[in-house]
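full-length UniProt numbering puts the sequence shown at residues 1 to 348. Think of the CB as a built atom: it goes at the ideal place given N, C-alpha and C, for glycine as much as any other residue. Since the structure is predicted, the reported quantities are computational estimates derived from the model, not experimental observations. One structure is given below, encoded as structure tokens.
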Amino acid sequence: MSAEKKLSYKASGVNRDIENETKEEIASALETNDARVLNKIGAFATLFDGHFPEYKHPVLVLKTEEPGTKQLLALQHDSVETVCEDLINHLVNDCIVMGARPLSIQDCIVCGKVEKPVVARMVNAFAAAAKNNECTLTGGETSWQPGTIPEGTYILTASIVGIVEKERIIDGSKIREGDAILALASSGVHTNGISLVRKIIEATPEIKNERINGKPFIEAVLTPHRAYYKALKGLFGKDGLVGLAHITGGGIKENLNRILPEGLGAQVDLGKIKVLPIFSVLKKYGELDDADMLRTFNMGVGIAAVVREGFADEAIAHIKKSGIDAYEIGIVGKGNKNVDFEGLLRRS
């Protein structure tokens with residue numbers, strides 16, 4: 001083999017110097033004042049102090065998540081920060097619906113080529129979103145995979161560890177007949193249904209000329225997934241809050257039924273749902289029927305909370321103090337873990 005064609009790791013597409021320079025650039029984003037983090041960047045794994053004297057019987061809550069095809073749309077429009085916030089908020093929401101406090105997040109960035117500015121933006125955005133959710137980005141992985149992932153493509157995932165007192169776990173087991181179902185407003189499409197949104201854009205590119213609440217259509221689509229921890233944490237431990245469902249893929253029906261006990265069902269009045277304008281635009285251009293939309297999108301409901309009937313007003317008032325709209329959309333009755341819709345969606 002000639003000197004000109006000599007093989008090396010760098011020649012195969014992986015530049016260790018750039019990788020190391022990138023690690024140095026993102027190191028500041030991983031700095032934390034959290035005393036539970038016992039080591040710093042560069043270690044083989046994160047050491048996290050598991051001593052929780054304020055908990056009688058601590059239970060860890062574990063979850064891994066990814067933002068789906070929204071990451072492709074975001075990167076096409078140089079909206080790196082928004083999709084990173086999407087991922088962290090989605091992840092935290094899945095953790096807190098168990099009544100948990102988020103503790104530590106680790107990210108994974110898989111790419112065909114490490115672009116230092118892009119990766120730095122991603123890690124900084126992950127860290128900022130974690131901080132906003134009162135937890136810590138404690139590390140992660142950046143995997144350079146030439147030949148497997150095309151250059152310019154990034155695949156993002158993240159994992160979380162949360163904690164909850166065993167006696168205060170919110171898993172729906174205490175839900176009973178007559179409980180009220182509340183909607184916590186979403187900020188938009190969040191991270192589900194984006195493949196359909198992309199197909200609508202492809203079929204009717206003129207949709208990009210639409211404005212949603214004063215924002216260009218694409219910007220509205222890329223609005224980050226709403227975070228609900230700060231709005232809900234003050235209700236954790238209260239007897240009146242008995243169930244939380246994060247409305248993601250499958251919509252209201254396929255997520256609310258995940259927390260219903262045997263022998264109970266839910267009735268949701270579609271006419272009470274405050275459908276966000278973006279869904280009306282998607283319906284118009286995609287010629288979508290409501291049944292398919294309800295199974296694909298959140299339709300304006302980011303979290304469904306199940307509360308005791310007499311606790312509904314207090315819960316709504318508490319949530320609204322955080323700036324998130326909340327209102328009643330249904331009731332729990334006898335059934336077989338079914339979620340039944342009544343009425344019709346109303347659009348502004």
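Asked: Determine, using beta carbons only, whether Gly172 and Ile109 come nearer to each other than 8 Å.; Found: no
Asked: Cβ of Tyr229 within 8 Å of Cβ of Asn298?; Found: no
Asked: In terms of alpha-carbon separation, which member of Ile105, Leu344 and Ser322 lies closest to Ile329?; Found: Leu344
Asked: Measure from the alpha carbon of Ala220 to the alpha carbon of each residue in Lys238, Lys199, Tyr285 and Ser187, then state which is nearest.; Found: Ser187
Asked: According to DSSP, is Val164 helix, strand or coil?; Found: strand
Asked: Leaving aside the five residues before and after Arg347 along the sequence, list all residues of the same chain whose C-beta is less than 7 Å from its C-beta, in chain order.; Found: Val275 and Ser280
Asked: Got a sec? Which residues, its chain only, sit under 6 Å from Thr32 by beta carbon, not counting five neighbours each side?; Found: Thr136
Asked: In the DSSP assignment, find the unbroken alpha helix (DSSP H) run with Thr296 in it and report its ends.; Found: Asp290 to Thr296
Asked: Which complete beta strand (DSSP E) runs does the UniProt domain "PurM-like N-terminal" (60–164) hold, if anything under 3 residues is left out?; Found: 101–111 and 136–144
Asked: Starting from Ile252, trace the alpha helix (DSSP H) in both directions and tell me its first and last residue.; Found: Gly251 to Leu256
Asked: Which of the three DSSP states, helix, strand or coil, is assigned to Ala29?; Found: helix
Asked: Suppose the cutoff is 8 Å on Cβ atoms and the five residues either side in sequence are ignored; what does the same chain contact list for Gly335 look like?; Found: Leu260, Gly263, Leu264, Gly265 and Ala266
Asked: Judging by CA-CA distance, which residue of Arg198, Val119 and Gln145 is the nearest neighbour of Glu25?; Found: Val119
Asked: To the nearest whole angstrom, what separates the beta carbons of Leu282 and Leu288, a pair I think is in contact under 8 Å?; Found: 7 Å
Asked: Under 8 Å between the Cβ atoms of Pro224 and Glu66?; Found: no
Asked: Can you have a look at Thr204 and say buried or exposed, based on whether 16 or more other CB atoms are within 10 angstroms of its CB?; Found: exposed
Asked: I'd like to check one pair, Ala304 with Ala245: are the Cβ atoms closer than 8 Å?; Found: yes
Asked: With burial defined as no fewer than 16 other Cβ atoms inside 10 Å of the residue's Cβ, what is the status of Leu47: buried or exposed?; Found: exposed
Asked: Would a C-beta distance cut-off of 8 Å place Ala100 and Gly162 closer than the cut-off?; Found: yes
Asked: Where DSSP assigns a beta bridge to Asp340, which residues make up the other side?; Found: Gln267
Asked: Given a threshold of 16 other Cβ atoms within 10 Å of its Cβ, counted over all protein chains shown, does Asn39 qualify as buried or as exposed?; Found: exposed
Asked: Quick one: what's got a C-beta closer than 8 Å to Glu314's C-beta in the same chain, skipping five residues either side?; Found: Gly240
Asked: Tell me which residues share the same chain as Leu256 and place their Cβ nearer than 7 Å to its Cβ, disregarding the 5 neighbours each side in the sequence.; Found: Ala245, Ala266, Ala304 and Val339
Asked: Would you mind sorting Tyr9 into buried or exposed? The rule is 16 or more other CB atoms within 10 Å of its CB.; Found: exposed
Asked: Who pairs with Ile303 in a beta bridge, going by DSSP?; Found: Leu184 and His246
Asked: What first and last residue would you give for the beta strand (DSSP E) that runs through Gly193?; Found: Gly193 -> no beta strand (DSSP E), and no H or E assigned at all.
Asked: Note down the Cα distance separating Arg211 from Leu222, rounded to an integer number of angstroms.; Found: 13 Å
Asked: Three-state secondary structure (DSSP) at Pro58?; Found: strand
Asked: With 16 other CB atoms within 10 Å as the buried threshold, where does Ala291 fall?; Found: exposed
Asked: Determine the contact status of Ile200 and Tyr285, defining contact as a CB-CB distance below 8 Å.; Found: yes
Asked: Taking the beta strand (DSSP E) that Val332 falls in, what are its first and last residues?; Found: Ala326 to Lys334
Asked: Which residue from Phe341, Ala227 and Gly333 puts its Cα closest to that of Asp325?; Found: Ala227
Asked: Enumerate in chain order the residues of its own chain whose CB-to-CB distance from Ala129 is below 6 Å, with the five nearest sequence positions on each side excluded.; Found: Glu85 and Ile88
Asked: Using DSSP with H/G/I as helix, E/B as strand and the rest coil, what is Lys215?; Found: strand
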